[in-house]
Every structure is written in structure tokens, then in C-alpha cells.
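At position 40 of the sequence shown (counting the first as 1) the number is 818 in this note's numbering, and the numbers step up by one without a gap.
Below you'll find the structure, written out as C-alpha cells, and then a few comments.
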Amino acid sequence: MTPDTRDKPAFELPGIVPWGRRLGEYSAFFALGDPMDFGPVLDIGAGPSSFAAEAHALGAPVVAADPLYRLSAGEIAHRFDETVDAMRAAMRRAAYRFNWAHYGSEENVLRLRREALALFTADYEAGRREGRYVEAALPVLPFADGTYRLALVSHLLFLYGDRLDFRFHLTSLRELLRVAEEVRVFPLLNLDGLPSSHLPGVMTALRAEGHGAELVEVPFEFQRGATRMLRLRRG
Ligand SMILES: C[S@@+](CC[C@H](N)C(=O)[O-])C[C@H]1O[C@@H](n2cnc3c(N)ncnc32)[C@H](O)[C@@H]1O
């Protein structure tokens, strides 16, 4: 039977969930090369991702920022636990929306999320003292102009485009281009699996301001059709 998505989005979540991905996944989302070549990187909206922890272990300079970082590791882990059932249910309900070639199964996705959380929590308190985990929220960041070579936005902008409006997207991306030379964003579909309505306007506005804005194919697909990232370069 074809699922009926007319009345209710099949992938419905209780807010912006603290769900974190691993370095290998980020490398695919953003077509990243050797972590040692990253230059200073900002992971904004990093949540309980282990990208910063894994990069740090490899000697690569990554700062993770998120409003969640006002909380302790235990409190973040508790928030994660609270969302597991909703995520599992949403993935099951919307299984047809995903390409399972990469992860294989829902259980593998959950295993990776738990691995990321464990790596994140093991690194978090020391990393916070060292300034590698910073409490910050778009659209205003507490970093000086040009602090980072690259800023990454994974599973926040565009994906949550129903909760975050066009102005929030544009202001946030301008702010990221202030603090970083280059910005990459993935995915570009919303939670309904449709191209974000904010994307064309954001690209047009940033190009008009002299910035580079292009869509780049990446070697990854989970949400069906989410195979491109947005790459912005400061003009
Ligand atoms: C779905 S998680 C993605 C985590 C990580 N980027 C990843 O892909 O594994 C979204 C994160 O965005 C954070 N977030 C929500 N509003 C934000 C804002 N205004 N600025 C920065 N991060 C925000 C949430 O706290 C949450 O940790």
C-alpha cells in the first residue's frame, strides 16, 4: 500500500532532536578529505555528534558549538535517551523515505547514534574546559571574524525548515560566512523529504551579496534524494 502523506508528515519529530553522527558520516555528508587538512573547523549545531571528539583524537582542530552545551554530558545523554523511541518510530513509519544501502537497518542507525553519543560524552567535559565545546546558538555566534576555515552544518538548517524560517536561515548563513571562509550544509531536504523551500532564496540572496553558492554532489544518500550539500564561500 502506498503510504498516505497528504495529511500528516510521515517523519515527525518532537522538536530539534539531539541526535549525533560519527566522523565517517560527516566525511561523507561534506565530502571531506583527510581530517589533518581541515584547518580550523566549526561544527555548529553539533549536539551529541562525535565528529569533534574523533577529529581531536586524530589531531585535527575542530570546535563544536550548540545551545545544548549549557548542559552536562549526563543531561545531554538523558535528552538523547528521551528521543530514541520517537526516532525509532519515525524511521519505521517513514522507512520508504530512506535509502538503506548505507546503513543497512534501523538497528545499525541506532548503534551508530549510540557510538557517537559515547565518544562525545567521553570527550565532552575535557573538551569544554579546552574550549572545544562552546555553548552558542545561531543566528549570532561568539566568534571573531574569520576564526575558521570551514563551518559545517549537519541536520539543522533546511532539514528543520518548518520550524526555522527563511530569515533565520539567511541570517545564520551570513553569520557563518562572517566566522568562516567556507560553509557546508547537509542535508538540503526538509523532514518531509522535500527540497527545502528556503534554499533557492538563500542562494540568490548570498550570491547577490558577492558570496559563492553552489550545490555539490556527495557520496552519501539516506533521505532519498538528499545527495547534495550546499557549499558557500565568502566573497
Ligand atoms: C539533529 S541535531 C544534529 C547534530 C549534529 N549536527 C549531527 O548531524 O549529528 C541538531 C542540533 O542542532 C542544535 N540546535 C538547535 N537550534 C540551534 C541553533 N539556533 N543554533 C545552533 N544549534 C542549534 C540542537 O541542539 C541539536 O543538537
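We put the beta carbon where it would ideally sit given N, CA and C, even for glycine.
Contact annotation: His933 and Leu955 have beta-carbon atoms that are not nearer than 7 angstroms. In the assembly as shown, Asp844 is a buried residue. Its beta-carbon has 16 or more other beta-carbons within 10 Å. Between Glu832 and Leu897, the beta carbon gap of about 6 angstroms places them in contact (Cβ cut-off 8 angstroms). Each residue's CA atom was taken as its position, placing Ser828 and His856 some 16 angstroms apart. One alpha carbon belongs to Ala830, the other to Ala838, and they sit about 9 angstroms apart.
Look at Asp943: its beta carbon is at least 6 angstroms from all of the heavy atoms in ligand 1. Under the 8 angstroms Cβ criterion, the stretch 956-970 counts as touching the stretch 921-938, having at least three qualifying pairs.
Across the structure, Leu928 and Val963 are spaced so that their CA atoms are roughly 11 angstroms apart. Just so you know, the alpha carbons of Gly882 and Met865 end up roughly 16 angstroms apart.
It is roughly 20 angstroms from the alpha-carbon of Arg870 to the alpha-carbon of Pro965.
For ligand 1, a non-hydrogen atom lies closer than 6 angstroms to the CB of Gly823.
When DSSP reads this structure, Ile822 sits in a beta bridge with Ala843 and Val931. The continuous beta strand (DSSP E) containing Leu1008 extends over residues Arg1006 to Arg1011. Listed in chain order, the non-local C-beta contacts of Leu836 below 6 angstroms within the same chain comprise Pro813, local neighbours out to five positions each way being set aside.
For Phe876, the beta-bridge partners assigned by DSSP are Gln1001.
With fewer than 16 other Cβ atoms from the protein chains shown falling within 10 Å of its own Cβ, Thr982 counts as exposed. Tyr926 sits in a strand when the DSSP states are folded into three classes. In the DSSP assignment, the residues bridged to Glu992 are Arg1009.
Counting only runs of 4+ residues, the alpha helix (DSSP H) found wholly inside the stretch 908-977 occupies 944-957, in chain order. Annotation: Phe1000 to Asn968 spans about 13 angstroms, alpha carbon to alpha carbon. Under the DSSP assignment, Phe829 falls in the alpha helix (DSSP H) whose first and last residues are Phe829 to Ala835. Secondary structure note for Val862: its alpha helix (DSSP H) is the uninterrupted segment Ala851 to Arg871.
The residue among Leu948, Glu908 and Tyr938 with its C-alpha nearest the C-alpha of Val918 is Leu948. At least one heavy atom of ligand 1 lies less than 6 angstroms from the C-beta of His933.
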